[in-house]
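**Student:** Protein chains in written order, with my numbering: chain A, 1487 to 2354; chain B, 13 to 409.
Heads up, the beta-carbon is just placed ideally off N, CA and C, and yes, glycines get one too.
Since the structure is predicted, the reported quantities are computational estimates derived from the model, not experimental observations.
Quick one: this structure, given as structure tokens, is what I'll be asking you about.
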């Protein structure tokens, strides 16, 4: 082979290859670039139209969200029914609203006639008189949207109904008005829109607004329907966006020309370069070929030639051979070491993972245990600083976890600056062993059982202290209540037993004293001695009765009754016995609740409590009586031994007296315990109250503080439905007595009888006028016939008999109710009296019960007649 | 539904009456009274109560020969749904009706306050029988076309706080609506406190109509150391307060002393048994249970029994509305007869010059004067308590 021939071939081949590659590369590049640009334009159009759509959708959605939400704001609804509140809060509310993107809007609250009543600015709305808007938002209660052209501007109108919950109807609308340009104003970025692009907002196919000047010729266009809130859906809003392709492909054309020129230049340079390179490449190859021919011709095996060759190739072959052997050995050693190391690491990792898991489980378990304890548990340092506290502790103080850290125990618990005296924490630190103490926390109003134990490190040195406080307040209170209950029970049993024996003894003493009094003449001084024995015995008998009442062995008549009625009757009677310097306030709940009780005993309870209250107030102050039905839950009855949760009648009597100290408080129900002077009281009053309440299955509580008065609260169980019939009767009967406020005229010629009658009837609560002369009575009646609700007259009287006088009365006032009383009269019978129009006829002697009922019935019948 | 059909029937009857009357002689033409109230308000019974009182009085007057020498009184009802804008429209429409002499107002003070301008522009006589805001009659207009047979907020507040004081309560809290009525009560409370320094207002909370829970506001008032809650609500909001308070433990339930807005609906039905767990008292002006004026009551029941089968106090919801409206119409009839015309300015003047009227609630002597357009007096007010079984309101002794 000649050198020239090889060189030409190389040059030709290189030129051909270069030209082919350049052409193919150029063609591919052109097509690729063009497609790429078109694709990019398409993507850009899609991307940017998405961007514009999204921005528009977001803006419209934000507006809808804001205004829709505002239309449901209770203050906005309130404003429609509070016209005068517009200036107060409605205009400020609307003016304080900042629309999304700060676009200028007119936001107006209109009433049901479309009249603006509040607005965010002073401008006049364009939609006044828009019937469609009112029809939709007010009549049909549906949101309404509209785009209208006003003075070359497309205006967007959104109206949201204001629903008034009390009527369930729309009473106005919240209306937003803004130019569509304001929404598209966001896209007015200088230079963004030009001759080569175009952005349009359309309603269906109608173009409303356009940005950019591009037309559809050689444009890549896309059209996108806007995803809008419900209110705007009917408007069918969409966005069209396009970019010019001519403009986009201009760089591709320019690059093509440059590329052709470059290809020609490369071809020329390739020819030159390949000529030179061919010569340089051919020479070593020819030499190598010759060398190869030489080896071929010598027939030496290739390895020998390489082994013996001192040239670069031989040296290189031998070095390669040695290196390969070493590398193989090293690789084997390395793999062995890696295997060993990997195995050791895996073992170690498994062990470590096991240990970490065990530790983690233990930590979680400890944490759960620590925090699940209801008692207060804290870890403290030697200075009593809290290092860690469980959840119960944080809950007690109402602070978030971690907030007690580093605070001093005594500061947190007692609000002190130094540790408490005999603090078990201090003792445990000092002595290195566990200490326990019962501590009362005045700040929290609780009692704690505190146990403190030191914690030592592995060297046996003190490191921390664990503090456990158990809240035993309820337990202590319950213990105290039970102690009191048992004490009262024991005293009651003992007193009852003694009282019975005393009764027997007293019966003998009184019987014999009475006999002796009858036998010993009064002038004999011994008579006086025995009389004193007899009187003392009477006092002793009363005392025994009280003891029996306390020990719940006295007689009682339990009947279903209305507590409020009985209490009111008692209060009426008590009013006359309580000094006028004591004010009685009452708020008694009137309802048909019923309890099983002995009315007389209830009266005694009130009387004893009032007596104590008056004494405690030194006869000057206020007693407040409050009665109501109340529900006692389990927490409340937990401190009321033997009581269950349920509905009770609660009666409270509170005085404004001096109150009691704790010692007195603890003993007030003890028999014969009194703070009064000798002879002022027996000390049995509250004991009897306690006995009676207990007998009624009730409960009595006392709240008192020195200088702040005393309040007794009594709970009676309310009985069930089966008693209803009896209950109603009872209530009616009681109700009759409670209405006793009418004015009654009493006429009897016997002064003593008239006064006695008057007093009895007055005690029943009526206003009474007593006359002993029938003439005077007639004159009085003539002067004020309407002043009397009832007349009670004796039959046998001088001048005018009861019957004659009644006739005169009825001439003046025909419907006047009259009761005629007589001892024995053959002049008038009950039937005759009825015919005359006299309502009732009573034969003397009249017992109080009959008199009470007859008066009440006559008055009620008379009132019913008047109404009918 | 039932309510709206009744209203439609009444409106139809009214229109029918108008049509017929246009063909009759002037002497046969009816004289109209308008009633502008919250007919469309779903929980209100106040509108029905007032309407009942008006119709009973109209029947009694018509049976005795009507007014102006034989002309019958007729009622025309318009629904304002408790919305002031509708009230204003109604007054304009009433003013256009020939021989319509006066309008009776409903429960909502804000409606009547908003109507004040149009009332005086159209010279329409307004008789308020429930709305309590002082400004309705104390409106500083000359001449004043607004009259009241009802209480005022200032009296109600005084009675409510005095009842608290009588129970030893010196620290109070108040819950008021963000409306003209609420502001009227706030003014009344502040005026009372100014003259009674021993009473302290510990906390004042405002609410808007339609709120669903008041517990947070109640707790804020309770924790301010208030001993009782002065409650100014209508039946809907009031019932929510009662139900929420009833769910609290007994120790956390303050006594609630309420304005009478809660009696404008069937309150015990809304509260259920919760009302028995709460210490609630409410201010009132009249109780059919009192039987204080038996003769007048007998006359009332005769007509009420015949027209509405009302024979006793247990069948009368929102009782003050019935009683006030009944007396108001009788007083109005006296004024119409006194003038001898249906001219409203003259009737307005005649109302100020009626010497006396022996009414159901009291003996009015006189009902109104030039200076005083309120027929009741502070001493007519008292506190009452609801009875669950029949929604009765009983006077606290």
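Considering only residues of the same chain and omitting the five flanking positions on each side of residue 2240(A), which have a CB-CB separation below 7 angstroms?
**Tutor:** Closer than 7 angstroms at the Cβ level, and outside the excluded window around residue 2240(A), lie 2232, 2234, 2256 and 2258.
**Student:** Check the DSSP bridge columns for residue 1710(A) and list the partner residues they point to.
**Tutor:** DSSP lists 1725(A) as partners of residue 1710(A).
**Student:** Quick one: which chain A residues come within Cβ less than 9 angstroms of residue 223(B)?
**Tutor:** Going along chain A in sequence order, the residues near residue 223(B) (Cβ under 9 angstroms) are 1560.
**Student:** Under 7 angstroms, CB to CB, which of the residues in the stretch 161-193 of chain B have a partner in chain A?
**Tutor:** So the list reads 178, 179, 180, 190, 191 and 192, given in the order they occur along the chain.
**Student:** Please name the residues in the stretch 79-106 of chain B whose beta-carbon is closer than 8 angstroms to at least one beta-carbon of chain A, in chain order.
**Tutor:** Listed by position, the residues of the stretch 79-106 of chain B near chain A (Cβ gap below 8 angstroms) are 93, 94, 95, 96, 97, 98 and 101.
**Student:** By alpha-carbon positions, which one of 2160(A), 2302(A) and 1913(A) ends up nearest to residue 1868(A)?
**Tutor:** Measuring from the Cα of residue 1868(A), the nearest candidate turns out to be 1913(A).
**Student:** Residues in the same chain with beta-carbon distance under 7 angstroms from residue 323(B), minus the five sequence neighbours each way, listed in chain order, please.
**Tutor:** Answer for residue 323(B): 313 and 317, listed in chain order.
**Student:** Please tell me whether residue 2295(A) has its Cβ less than 7 angstroms away from any Cβ of chain B.
**Tutor:** So no, residue 2295(A) is outside the interface.
**Student:** Could you check the C-alpha separation between residue 1980(A) and residue 2172(A) for me, to the nearest Å?
**Tutor:** If you take the alpha carbons of residue 1980(A) and residue 2172(A), they lie about 17 angstroms apart.
**Student:** DSSP puts residue 2197(A) in a beta bridge; with which residues?
**Tutor:** Beta-bridge pairing links residue 2197(A) to 2140(A) and 2189(A).
**Student:** Which residues of chain B have a Cβ atom closer than 7 angstroms to the Cβ of residue 1653(A), listed in chain order?
**Tutor:** Under the 7 angstroms cutoff, chain B gives 52, 53, 54 and 93.
**Student:** Which of helix, strand or coil does DSSP assign to residue 95(B)?
**Tutor:** The answer is coil: DSSP assigns residue 95(B) none of H, G, I, E or B.
**Student:** Identify each residue in the stretch 116-140 of chain B for which the Cβ-Cβ distance to at least one residue of chain A is less than 7 angstroms, and report them in chain order.
**Tutor:** Here the close residues are 122, 125 and 126.
**Student:** So residue 1745(A) packs on residue 1512(A), CB below 8 angstroms; how close in whole Å?
**Tutor:** Right, their Cβ atoms sit about 5 angstroms apart.
**Student:** Per the DSSP calculation, residue 369(B) is bridged to which residue(s)?
**Tutor:** Note: residue 369(B) sits in a beta bridge opposite 376(B).
**Student:** Relative to the alpha-carbon of residue 91(B), which residue among 1653(A), 2090(A), 1898(A) and 1603(A) has its alpha-carbon at the smallest distance?
**Tutor:** Nearest of 1653(A), 2090(A), 1898(A) and 1603(A) to residue 91(B), Cα basis: 1653(A).
**Student:** At 9 angstroms on the CB atoms, spell out the chain A contacts of residue 210(B), in chain order.
**Tutor:** Under the 9 angstroms cutoff, chain A gives no residues; its nearest Cβ is about 15 angstroms from residue 210(B).
**Student:** If you measure from the beta carbon of residue 1657(A) to each beta carbon in chain B, is any gap under 7 angstroms?
**Tutor:** Closer than 7 angstroms to some Cβ of chain B, the Cβ of residue 1657(A) qualifies, so yes.
**Student:** Which of the residues in the stretch 238-270 of chain B, read from start to end, lie with their CB under 8 angstroms from any CB of chain A?
**Tutor:** Going along the stretch 238-270 of chain B in chain order, one finds 248, 261 and 262 with a Cβ nearer than 8 angstroms to chain A.
**Student:** How about residue 184(B) and residue 131(B): do their beta carbons lie closer than 7 angstroms?
**Tutor:** Not closer than 7 angstroms, so no.
**Student:** Within 7 angstroms of any Cβ in chain B, is that where the Cβ of residue 2123(A) sits?
**Tutor:** No, residue 2123(A) does not count as interfacial toward chain B.
**Student:** Going by other Cβ atoms of all chains shown within 10 Å of its Cβ, with 16 needed for buried, is residue 328(B) buried or exposed?
**Tutor:** With 16 or more other Cβ atoms within 10 Å, it is buried.
**Student:** Give me the residue from 1636(A), 1598(A), 1607(A) and 1610(A) with the minimum Cα distance to residue 1626(A).
**Tutor:** Nearest of 1636(A), 1598(A), 1607(A) and 1610(A) to residue 1626(A), Cα basis: 1598(A).
**Student:** Compare the Cα-Cα distances from residue 1864(A) to each of 1850(A), 1893(A) and 1840(A) and report the closest residue.
**Tutor:** When only C-alpha atoms are compared, the closest one is 1893(A).
**Student:** Is the CB-CB distance between residue 1593(A) and residue 1604(A) below 7 angstroms?
**Tutor:** No, Cβ-Cβ distance for residue 1593(A) and residue 1604(A) is not below 7 angstroms.
**Student:** In angstroms, rounded to a whole number, what distance separates the CA positions of residue 89(B) and residue 40(B)?
**Tutor:** Between residue 89(B) and residue 40(B), the C-alpha separation is close to 21 angstroms.
**Student:** Check whether the Cβ atoms of residue 345(B) and residue 139(B) lie closer than 7 angstroms to each other.
**Tutor:** Contact flag unset, no.
**Student:** Taking the C-alpha atoms as reference points, what is the distance between residue 351(B) and residue 45(B)?
**Tutor:** In a straight line, the C-alpha of residue 351(B) is about 16 angstroms away from that of residue 45(B).
**Student:** Does DSSP put residue 1692(A) in a helix, a strand or coil?
**Tutor:** Correct three-state label for residue 1692(A): strand.
**Student:** Interface residues of chain B around residue 1598(A) at Cβ under 8 angstroms?
**Tutor:** Here the neighbours are 95, 97 and 98.
**Student:** What distance in whole Å lies between the Cβ atoms of residue 1938(A) and residue 1924(A), which are believed to be in contact at a cut-off of 8 angstroms?
**Tutor:** That belief does not hold up - the Cβ atoms of residue 1924(A) and residue 1938(A) are roughly 13 angstroms apart, past 8 angstroms.
**Student:** Whole angstroms are fine: how far does the CA of residue 1838(A) sit from the CA of residue 1845(A)?
**Tutor:** For residue 1845(A) and residue 1838(A), the distance between alpha carbons rounds to 10 angstroms.
**Student:** Could you tell me the alpha carbon to alpha carbon distance between residue 2009(A) and residue 2015(A), rounded to whole angstroms?
**Tutor:** Their Cα atoms are separated by approximately 12 angstroms.
**Student:** Taking C-beta pairs closer than 8 angstroms, name the residues in chain A that residue 283(B) reaches, listed in chain order.
**Tutor:** Those within 8 angstroms of residue 283(B) in chain A number zero; the least Cβ separation is about 15 angstroms.
**Student:** Hey, how far is the Cα of residue 1953(A) from the Cα of residue 1885(A)?
**Tutor:** Whole-angstrom Cα-Cα distance: 19 angstroms.
**Student:** For the beta strand (DSSP E) containing residue 1605(A), name the first residue and the last one.
**Tutor:** 1602-1605 is the extent of the beta strand (DSSP E) around residue 1605(A).
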